[in-house]
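Residue numbering for the sequence shown is 633 to 768, as defined by our numbering. Ideal placement from N, C-alpha and C gives every residue a C-beta, glycine not left out.
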Amino acid sequence: MSRLRAPSGLTAQIGPVLIAALFVGAGTLHFLRPQVYDGIVPAWAAPGLLPSARSVTLISGAAEVAGGLGMLLPATRPIARWGLALLLVLVFPANLDMARQPEKYGLPAWALWARLPLQPLLIWWVLRAGRGTKVI
633 MSRLRAPSGL
643 TAQIGPVLIA
653 ALFVGAGTLH
663 FLRPQVYDGI
673 VPAWAAPGLL
683 PSARSVTLIS
693 GAAEVAGGLG
703 MLLPATRPIA
713 RWGLALLLVL
723 VFPANLDMAR
733 QPEKYGLPAW
743 ALWARLPLQP
753 LLIWWVLRAG
763 RGTKVI
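What follows is the structure in structure tokens.
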């Protein structure tokens with residue numbers, strides 16, 4: 633069996649930067665348009681632990697921004713990659729809820745179902761790109 637290697641060359645340089653842009657951008661939207669994300673937080677999310685859907689929105693947005701920025705620095709990249717992978721696992725149930733109730737979100741059911749298999753691919757990409765040590 634072949635062993636997975638850390639990305640090299642241009643891939644090692646661009647991967648973390650693209651991931652950083654993706655997560656910093658998405659996380660920033662949690663603060664600029666929180667009402668959109670508040671509506672996505674399932675009612676069962678963190679019952680009794682957090683006071684509101686807005687709390688979940690802001691915490692997840694901050695985690696996305698922190699993880700994205702962490703991918704830019706070789707010293708913080710290892711923890712950032714695992715943090716972002718964990719975040720993606722934790723938000724998957726909310727994405728599944730969205731796919732089960734597309735009418736609630738005004739989005740096509742096919743699009744919501746189609747994005748579910750992309751989540752593991754995004755996790756793989758984050759973990760793989762996070763292995764690199766170079767940044768542009």
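Between the alpha carbons of proline 749 and proline 648 lies a distance of about 21 Å. Distances from the alpha-carbon of lysine 736 to those of Val688, Ala675, Gly671 and Ile711 put Gly671 closest.
In the three-state DSSP reduction, proline 752 falls in the helix class (H, G or I). Boundaries for arginine 665: no alpha helix (DSSP H) harbours it, and the DSSP string shows neither H nor E there. For arginine 713, the uninterrupted alpha helix (DSSP H) run begins and ends at 709-732, by DSSP.
The C-alpha of glycine 693 lies about 22 Å from the C-alpha of proline 706. In the structure shown, the three-state DSSP call for valine 758 is helix.
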